[in-house]
Amino acid sequence: LYICALSSVALLAIAGQIVIQLALQQQSGDAALINIAGRQRMLSQKISKDALILQMPDLTAQNRIQRTEELQQATDLWESSHLALQHGSASMGLPGNNSAEVTMLFNIIEPGFETMLAASRSILTTLAQPQLHPDQIPAAIDPYVQVILTQESSFLVGMNNIVSQYQTEAEGHVAALKTIELTLLGVTLLVLLLEGSFVFRPTSR
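What follows is the structure, given as structure tokens:
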């Protein structure tokens with residue numbers, strides 16, 4: 069009886085640790101999701117800003133090279149993060165197991181995202197043409213810049229909704245963890261009470 073009593077307490081302790089470790093892993097994934105989803109909004113604004121600056125007629129050659137590199141990096145990171153948020157990424161710490169609500173929200177912003185991405189890529193392709201004179205750049209990239217500016221606001225609204233949904237789900241995970249911890253505590257106390265009443269107290273007598 070002593071062995072059974074102590075083993076039951078040990079099993080409850082082990083189960084509690086397993087649940088807590090799984091919950092901590094879930095919380096880490098939630099934090100990465102919210103952080104990268106929030107960064108997507110910043111990157112979309114940076115793409116718009118760089119596109120507008122590249123359209124300035126008085127931009128120096130050095131500044132144009134710098135801004136082009138920044139636009140390239142922002143576009144690449146924006147695209148890779150967008151895919152990682154939906155399908156997961158080990159390097160970014162993203163699980164890729166989105167809820168049905170998040171998947172629906174991503175489907176809503178997908179057309180605008182693809183349009184902005186194509187416009188940004190077109191700007192980079194246009195700027196890479198060696199025969200293009202600097203004076204021709206503003207007019208050459210203007211259609212793509214206008215596309216980016218048109219789609220930016222709707223993308224921001226959509227990403228705000230996604231971040232809010234991620235936040236809501238993360239708070240739900242925290243609430244579930246609290247419930248599990250309280251349940252384990254209650255079960256442990258109940259087991260100790262039963263062991264004291266039916267094992268240790270009779271043995272002491």
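Numbering (our numbering), first residue to last: 69 to 273.
Positions of the beta carbon are idealized from the N, C-alpha and C atoms, including for glycine.
Exercise. How big is the Cα-Cα spacing for Ala91 and Gly164?
Worked result: 17 Å
Exercise. Among Gln233, Leu80, Asp210, Thr143, which residue has its Cα nearest to the Cα of Ile248?
Worked result: Leu80
Exercise. What residue from Ile115, Pro179, Ala83, Leu127 has the CA that sits closest to Gln204's CA?
Worked result: Leu127
Exercise. Leu127 by DSSP, collapsed to three states: which one?
Worked result: coil
For this session: Going by CA-CA distance only, name the one from Phe266, Ile86, Ala243, Ser232 that's closest to Asn103.
Result: Ser232
Exercise. Shortest alpha-carbon distance to Val215 belongs to which of Pro179, Asp144, Arg135, Val267?
Worked result: Pro179
For this session: Can you have a look at Phe181 and say buried or exposed, based on whether 16 or more other CB atoms are within 10 angstroms of its CB?
Result: buried
Exercise. Is the beta carbon of Met227 less than 8 Å from the beta carbon of Ile177?
Worked result: yes
Exercise. Apart from the five residues on each side of it in sequence, which residues of its chain come closer than 8 Å, Cβ to Cβ, to Tyr307?
Worked result: Missing from the structure shown is residue 307; the chain here goes from 69 to 273 and no further.
Problem set entry | Arg135 classed as buried or exposed, judged by whether at least 16 other C-beta atoms fall within 10 angstroms | buried
Problem set entry | Length at least 4, wholly inside the segment 132-201: the alpha helix (DSSP H) runs in chain order | 168-195
For this session: Return the chain-ordered list of same chain residues with a C-beta closer than 6 Å to the C-beta of His155, the five sequence neighbours on each side being excluded.
Result: Gly164
Problem set entry | Cα-Cα separation between Ala152 and Gln219, rounded to whole angstroms | 21 Å
For this session: Below 8 Å CB to CB, which residues in the same chain sit around Pro206 once its five sequence neighbours on both sides are set aside?
Result: Gln123, Met124, Pro125
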